[in-house]
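**Student:**
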Amino acid sequence: MIKTDVVIIGAGPVGLFAVHQLGIKGLKAVVIDNLDKAGGQCIELYPDKPIYDIPAVPECTGKELTDRLLEQIKPFKTTLYLNERVEEVKSENGNWFVKTNNGNEFSTPNIIIAGGVGSFEPRKLALKNIEKFEGKSIFYAVKNKEEFKNKNICIFGGGDSALDWTLELSKFSNITLIHRRDEFRGAQHTLDAIKKLEGQGKISIKTPFQLEKIEGDDEVKSITIKDDNGKTEKIKTDIILSFFGLVMKLGPIAEWGLNMDKKTISVNPNNFETSKKGIFAAGDICNYEGKLKLILSGFHEVALASVECFKRARPNEKYRFEFTTSSKTIQDRLGKK
Amino acid sequence: MAKITFKDYQGNSRTIEVDNRLTVMEGAVQNEIPGIDADCGGSMACATCHVYVEESWFNKMPKAEDGEVDMIDMAFEPKKNSRLSCQITITDDLDGLVVTTPEKQS
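If you read the sequences in order, they're chains A and R. 1 is the number of the first residue of the first sequence in my numbering; add one for each residue after it. 338 is the number of the first residue of the second sequence in my numbering; add one for each residue after it.
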């Protein structure tokens, strides 16, 4: 069991800035995120798209914003628990007990939920009874290439993941690439390589087709694909790889007994506390009158939440408001002389 | 201002009035039309405001840009007449528009 002043759920821009606001007040935090890297939507949805409304930063991409925030919180040496999702939150002896799907356990007086629209999960194929094949014949990611050797593989999708894995797995397996329209979206050299392989008869490309049916009992035996005009085709298949990006799922947060408004958490806009003492919500996931889903609003929200976190984590100390420009204590915490 | 009709996959329908310059998605969210999630808030970063636009209207509208078409690849059961409702901006010309929401958004 790890003791900490604050558990932050979500390593997006708001979660990362929370580390800063807590850190300059002398509070220790940990950050938990389901993705394999920090940055949240900024890194997963628009790493290369420019953002124009961060104060004093006329233009930066999602990736640059994330990198700068990570730089800004470096002095606090915060542990990021990535690839982990918080499964359980319960009250225990006046503190909050937090448990992740990897079995990590935390005890803390404060939780800040900066979870955006929820955790990112692969978008699943939209057919009934698909679950029984998942992990056996249907995959949404390639973890170990060895398992994909010498098979008949159908790859669905039109983006980078689908194209890259078509190239890679075609070295030792029989690949059919299936996409709902004729255009693929990828780097030019990748598209050229795909065309070349198709020309050599090393891969088969089926467009514009979508998955219609899967045949097989325990394992996939074949699939039927269908085009816009209703024409169908049957393909012998051992493995289906589906690359339709990620979806955001609120997940277990909905079950923690917090007051919710649709998919958002209701908060008190004075300190961003939820309906439960010591649990805060900030960023896109929180909701109050006048809420704007902007990164800069999230920064404001965690600044205020961090004050309340201090009062709860240090009940015997008086909170003193200080400026970074003049406070020796803050400058020490930032490692400045 | 335009009257927009939303049909769901079961055939239930509701008509709302939406001001010019708002998007079809914003109109739906403000009027609590079920079946439009709009998780990303209209930044063309998800595909959960996906709608099917009635053919006659589909051809009249400005075409979807590349980024939108790429995103529609990720939508639940995309069809030829699929659009993201956050990318359809209301004008007087769209008065009477009919869209159908898919069975689910993800």
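We put the beta carbon where it would ideally sit given N, CA and C, even for glycine. Remember, predicted model here, so these are calculated numbers, not experimental data.
1) Is it right to say K25/A is buried, meaning 16 or more other beta carbons lie within 10 angstroms of its own, or is it exposed?
2) Examine the Cβ distances between the region 376-395 of chain R and the region 359-368 of chain R and report whether three or more of them are shorter than 8 Å.
3) Give, in chain order, every residue of the region 292-309 of chain A whose Cβ lies closer than 8 Å to some Cβ of chain R.
4) When DSSP labels each residue in this structure, what does K63/A get in the three-state scheme?
5) Relative to the alpha-carbon of V468/R, which residue among R68/A, S170/A, R181/A has its alpha-carbon at the smallest distance?
6) With 16 other CB atoms within 10 Å as the buried threshold, where does E301/A fall?
7) For the region 404-418 of chain R, which residues have a CB atom closer than 8 Å to at least one CB atom of chain A, in sequence order?
8) So, for E392/R: in the same chain, excluding its five sequence neighbours on each side, which residues have a beta-carbon less than 8 Å away from its beta-carbon?
9) Helix or strand or just coil, what does DSSP make of T274/A?
10) Just the C-alpha distance for L258/A and E121/A, rounded to the nearest angstrom, thanks.
11) Does G23/A come within less than 8 Å of chain R when only Cβ atoms are used?
12) Under 8 Å, do L100/A and A29/A count as touching if we go by C-beta distance?
13) CA-CA distance, V86/A and Q347/R?
14) To the nearest angstrom, report how far apart Q200/A and S170/A are at their CA atoms.
15) Can you tell me the Cβ-Cβ gap for G378/R and K277/A, rounded? I've got them flagged as a contact below 8 Å.
16) Does the separation of the CB atoms of D33/A and L80/A fall below 8 Å?
17) State yes or no: is the C-beta of G115/A within less than 8 Å of the C-beta of G39/A?
18) Give me the Cβ distance between G23/A and F106/A, rounded to the nearest whole Å; I'm assuming they're in contact under 8 Å.
19) Write down every uninterrupted run of the alpha helix (DSSP H) in the region 137-198 of chain A whose length is 4 residues or greater and which is fully enclosed by it, in chain order.
20) Under 7 Å, CB to CB, which of the residues in the region 242-265 of chain A have a partner in chain R?
21) Measuring only the C-alpha atoms, how far is E219/A from S161/A?
22) Helix or strand or just coil, what does DSSP make of V366/R?
23) Which whole-angstrom value is the C-beta distance of T176/A and I235/A, which I expect to be below 8 Å?
24) Any Cβ of chain A within less than 8 Å of the Cβ of A365/R?
25) When the distance is taken between beta carbons, is M381/R closer than 8 Å to L421/R?
26) So the beta strand (DSSP E) R351/R belongs to, where does it begin and stop?
27) Exposed or buried, G245/A, counting other C-beta atoms within 10 Å across all chains shown (16 or more means buried)?
28) If we cut at 8 Å on Cβ distances, does G433/R have a partner in chain A?
29) Are the region 321-330 of chain A and the region 282-299 of chain A touching, with three or more C-beta to C-beta distances below 8 Å?
30) Under 8 Å by Cβ, that's how I've got S222/A and E215/A pegged, so tell me the actual separation to the nearest angstrom.
31) Assuming D410/R contacts G159/A (C-beta within less than 8 Å), just tell me the rounded distance between them.
32) Is it right to say I2/A is buried, meaning 16 or more other beta carbons lie within 10 angstroms of its own, or is it exposed?
33) Got a sec: is the Cβ-Cβ distance from D356/R to anything in chain A below 8 Å?
34) Can you tell me where the alpha helix (DSSP H) with E88/A in it begins and where it stops?
35) Residues in its own chain within less than 6 Å of T237/A by CB, not counting five upstream and five downstream?
36) Measuring straight from C-alpha to C-alpha, what distance separates I253/A and N104/A?
**Tutor:** Taking the geometry as given:
1) buried
2) yes
3) K293
4) helix
5) Look at the range of chain R in this structure, 338 to 443, and you will see that residue 468/R is not part of it.
6) buried
7) V406, D407, D410, M411, F413, E414, P415, K416, K417
8) N418
9) coil
10) 23 Å
11) no
12) Residue identity check: residue 100/A is Thr in the sequence provided, not Leu. It is not a contact, given that the beta carbons lie outside the stated cut-off.
13) 36 Å
14) 12 Å
15) G378/R to K277/A, Cβ: 29 Å. No contact.
16) yes
17) no
18) Not quite, the Cβ-Cβ distance comes to about 17 Å (not below 8 Å), so this is no contact.
19) 160-169
20) F244, G245, V247, M248
21) 24 Å
22) helix
23) 6 Å
24) no
25) yes
26) 350-355
27) buried
28) no
29) no
30) 5 Å
31) 7 Å
32) exposed
33) no
34) It is not in any alpha helix (DSSP H) - E88/A instead sits in the beta strand (DSSP E) that spans 86-92.
35) N152, C154, V220, S222, I223
36) 17 Å
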